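A.B. asks: If you read the protein sequences in the order shown, they are chains B and A. In terms of the numbering used here, the first sequence opens at residue 437 and continues consecutively. In terms of the numbering used here, the second sequence opens at residue 3 and continues consecutively. For every residue, glycine included, the Cβ atom is placed at its ideal position computed from N, Cα and C. These numbers come from a predicted model, not from an experiment.
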Amino acid sequence: MRGRAWALVGLVAIASLWVVGVAGQSTAWAPPRTAWGDPDLQGIWNNATSTPLQRPAAVGEKQVLTNDEAAEFAEGLAHDLNRDRRDGGAQIDVNRAYNEHWMDAKRLTTTADKRTSLIVDPPDGRLPALVPLTPERDAIRVAREESARRFNAGLPVSYLDGGLPLRCIIRTDRPPYLPTIYNNTYQIFQSPGYVVINVEMIHSARFIPVDGRPHVGKSLRQWLGDSRGRWDGDTLVVETTNFRPDDGVLFGNADAETFRITERLTRVDATTIDYTFTIEDPRTWTTPWTAMIPWNKTDEQLYEYACHEDNFDMVHLLAGARARERAKR
Amino acid sequence: MGVKRIVTAVAIGITLLGARVSAHHAFAAEFDANKPVKFKGTVTKMLWVNPHAWIYVDVKKPNGQVERWMIEAGTPNTLLRRGFTKSSLLPGTEITVDGYQAKDGALRANGRDLTLPNGQTLFLGSSGTGAPNEGTSKK
Chain B
437 MRGRAWALVG LVAIASLWVV GVAGQSTAWA PPRTAWGDPD LQGIWNNATS TPLQRPAAVG
497 EKQVLTNDEA AEFAEGLAHD LNRDRRDGGA QIDVNRAYNE HWMDAKRLTT TADKRTSLIV
557 DPPDGRLPAL VPLTPERDAI RVAREESARR FNAGLPVSYL DGGLPLRCII RTDRPPYLPT
617 IYNNTYQIFQ SPGYVVINVE MIHSARFIPV DGRPHVGKSL RQWLGDSRGR WDGDTLVVET
677 TNFRPDDGVL FGNADAETFR ITERLTRVDA TTIDYTFTIE DPRTWTTPWT AMIPWNKTDE
737 QLYEYACHED NFDMVHLLAG ARARERAKR
Chain A
3 MGVKRIVTAV AIGITLLGAR VSAHHAFAAE FDANKPVKFK GTVTKMLWVN PHAWIYVDVK
63 KPNGQVERWM IEAGTPNTLL RRGFTKSSLL PGTEITVDGY QAKDGALRAN GRDLTLPNGQ
123 TLFLGSSGTG APNEGTSKK
């Protein structure tokens, strides 16, 4: 009963945030416009947060933390990650020091609205139930798992076992943009008819036409998909389809044929974009699902991600695997 | 703040991130907590590999032999954000390495702390940005 009451409070809180946000656009704060009249989303943004995609089971139905809980959480996180602590034994000590080298310090807090999950729909903050895989798709899933298992065992049979990030093809630079532990930086550029999102992680730029042209044909498939944008008031709405089927990291087992993502970017104040995305794939999830992630303006620059610099390891990985095989014989 | 509330908040905090200390990269998988190493060496090169940079160090043993060690560092763009550039650790620089050796016994180590001859520590944690010229570690 108490949990249900909390859930109601949370729902009301989130609803009011949205109402305030929407109302704020029309009355309190007018987002800037480009010289040619489009809403101006340009700048460098960071989406780091420690709010997880899905609501953890232990918080029950609680949708929003209190101020005290959120502050306590941030303090606890900073304390846990503080490499100047030397307690806990060698392993914990070095894990702490080692990981801290590349953590994005901006990820030490929850979202500003203190939600317990990035997913806002379904209301339970969890991914919807999965649709059972067809035998063909299940075979693909098993093959991918086998590939990863070979690689992790140090016995890749081919460069393909290394996966897409290792091969510098795609990482977290494809929509939906989810926060990660570092390089959470995005730069938006606009020109008449185009919006470009340049993503620091692995170094790619997504060109989004906003001139009303139709999608390309279904046969042209791309790692970043095929995006088309339009303006809905102050909001950029981007629909993306045509992802590649040979991918394997498009949310695990999503079907590239039916996977569709709709992103909404709205500048809600001078330093914040609300980035909301809805994912539909009736072959994978029983219902669509939606997440909301704030993008915070940053003074930091976006650095080049030199993905292949000094990247000679593939030769070593494959040579090592062959040597291990010979040794076993 | 009452005890109960603190307990709740801590519980939520721990749950939100899960195993936050070992979240990204399990040190234990690559390096041996029972093989701490501390030595002085001379930097020969640094490779800015994503997602882990590597520092190559020559270590002169008492018998005159030179061991060639590789020290694992953070990810390139995070190093840049901390003010650590390609000119921060040039070949010839003497550093003291405080870390743990690879499990397989190879001359590879996790660099928990790297100290310059003047006492400045690279990879400072929360007490600084980690920039090479930004003061010394608190420890």
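Give the secondary structure of A:LYS146 by DSSP, where H, G and I count as helix, E and B as strand, and everything else as coil.
C.D. replies: Lying outside 3 to 141, the shown extent of chain A, residue 146 of chain A is not represented and no answer is given.
A.B. asks: Under 8 angstroms by Cβ, that's how I've got B:ARG703 and B:PRO475 pegged, so tell me the actual separation to the nearest angstrom.
C.D. replies: Their Cβ separation, rounded to whole angstroms, is 7 angstroms, which keeps B:ARG703 and B:PRO475 in contact under 8 angstroms.
A.B. asks: Does the Cβ-Cβ distance between B:THR698 and B:VAL673 come in under 8 angstroms?
C.D. replies: Closer than 8 angstroms, so yes.
A.B. asks: For the stretch 749 to 759 of chain B against the stretch 586 to 603 of chain B, are there 3 or more C-beta pairs whose distance is under 8 angstroms?
C.D. replies: With a cut-off of 8 angstroms, the stretch 586 to 603 of chain B and the stretch 749 to 759 of chain B count as touching, because enough Cβ pairs lie within range.
A.B. asks: What is the DSSP secondary structure of B:ASN619, reduced to helix, strand or coil?
C.D. replies: Three-state DSSP puts B:ASN619 in coil, outside helix and strand.
A.B. asks: Check the DSSP bridge columns for B:LEU591 and list the partner residues they point to.
C.D. replies: DSSP lists no partner for B:LEU591.
A.B. asks: Using beta carbons (cut-off 8 angstroms, strictly below), is B:ALA443 in contact with chain A?
C.D. replies: Because B:ALA443 sits at a pLDDT of 44, beneath the cut-off of 50, its placement in the model cannot be relied upon, and the point is left open.
A.B. asks: Compute the beta-carbon to beta-carbon distance between B:ASN483 and B:TYR711, rounded to the nearest angstrom, for a pair I have assumed lies under 8 angstroms.
C.D. replies: Yes, B:ASN483 and B:TYR711 are in contact; Cβ-Cβ is about 7 angstroms, under 8 angstroms.
A.B. asks: Which of helix, strand or coil does DSSP assign to B:GLN478?
C.D. replies: B:GLN478: coil per DSSP, three-state reduction.
A.B. asks: With a threshold of 6 angstroms on Cβ separation, who are the neighbours of B:ASN634 within its own chain once the five nearest residues in sequence on each side are excluded?
C.D. replies: Cβ within range, chain order: GLN623, ALA641.
A.B. asks: Please report the distance separating the alpha-carbon of B:ALA565 from that of B:ALA579.
C.D. replies: Answer to the nearest angstrom: the Cα atoms are 23 angstroms apart.
A.B. asks: Any C-beta of chain A sitting closer than 8 angstroms to the C-beta of B:TYR409?
C.D. replies: No information on residue 409 of chain B is available, as it lies outside the stretch 437 to 765 that chain B covers here.
A.B. asks: Determine, using beta carbons only, whether A:ARG70 comes closer than 8 angstroms to chain B.
C.D. replies: It does not: the Cβ of A:ARG70 has no partner Cβ on chain B nearer than 8 angstroms.
A.B. asks: Are the beta-carbon atoms belonging to B:CYS604 and B:ILE638 less than 8 angstroms from one another?
C.D. replies: Cβ atoms of B:CYS604 and B:ILE638: closer than 8 angstroms.
A.B. asks: Find out if the Cβ-Cβ distance for the pair A:LYS47, A:TYR58 is shorter than 8 angstroms.
C.D. replies: For A:LYS47 and A:TYR58, yes; Cβs fall inside 8 angstroms.
A.B. asks: Could you give the distance in angstroms between the alpha-carbon of B:ALA488 and the alpha-carbon of B:PHE679?
C.D. replies: A quick correction: the sequence has Pro, not Ala, at residue 488 of chain B. One C-alpha to the other measures close to 25 angstroms.
A.B. asks: Compare the beta carbon distance of B:LEU563 and B:GLN490 with 8 angstroms and say whether it is the shorter of the two.
C.D. replies: Yes, these two residues count as a Cβ contact at 8 angstroms.
A.B. asks: Near B:ASN619, what residues of its chain come up, given a Cβ to Cβ distance below 7 angstroms and the 5 sequence neighbours on each side ignored?
C.D. replies: Closer than 7 angstroms at Cβ, skipping near neighbours: GLU636, MET637, TYR741.
A.B. asks: So with Cβ pairs under 8 angstroms, would you call A:ARG110 a contact of chain B?
C.D. replies: It does not: the Cβ of A:ARG110 has no partner Cβ on chain B nearer than 8 angstroms.
A.B. asks: Note down the Cα distance separating B:SER655 from B:ASP662, rounded to an integer number of angstroms.
C.D. replies: Whole-angstrom Cα-Cα distance: 11 angstroms.
A.B. asks: Using only alpha-carbon positions, find the residue among B:LYS550, B:LYS733, B:LEU591 that is nearest to B:ARG762.
C.D. replies: For the residues B:LYS550, B:LYS733, B:LEU591, the minimum Cα distance to B:ARG762 belongs to B:LEU591.
A.B. asks: With 8 angstroms set as the bound, which would you pick, yes or no: does the beta-carbon of B:PRO742 sit closer than that to a beta-carbon of chain A?
C.D. replies: First, the residue type needs correcting, since residue 742 of chain B is Ala and not Pro in the sequence shown. B:ALA742 counts as touching chain A.
A.B. asks: For A:GLN67, count neighbouring C-beta atoms within 10 Å of its own C-beta (all shown protein chains included) and say buried if the count is 16 or more, exposed if not.
C.D. replies: Classification of A:GLN67: exposed, given that the 10 Å Cβ count is below 16.
A.B. asks: Can you tell me which residues form a DSSP beta bridge with B:PRO730?
C.D. replies: B:ASP710, per the DSSP bridge assignment.
A.B. asks: Return the residue from the list B:ALA706, B:ARG610, B:GLU582, B:PRO611 that minimises the CA-CA distance to B:ASP597.
C.D. replies: Per the Cα distances, B:GLU582.
A.B. asks: Buried or exposed for A:GLU69, going by 16 or more other Cβ atoms inside 10 Å?
C.D. replies: Exposed is the call here.
A.B. asks: Could you give the first and the last residue of the continuous alpha helix (DSSP H) run that contains A:ASN112?
C.D. replies: Taken as a continuous stretch (DSSP letters only), A:ASN112 belongs to no alpha helix (DSSP H), being part of the beta strand (DSSP E) at 110 to 117.
A.B. asks: Kindly indicate which three-state DSSP category B:ARG703 falls into: helix, strand or coil?
C.D. replies: Residue state, collapsed to three classes: strand.
A.B. asks: A:LEU116 CB to nearest chain B CB: under 8 angstroms?
C.D. replies: False, the Cβ-Cβ gap to chain B never drops below 8 angstroms.
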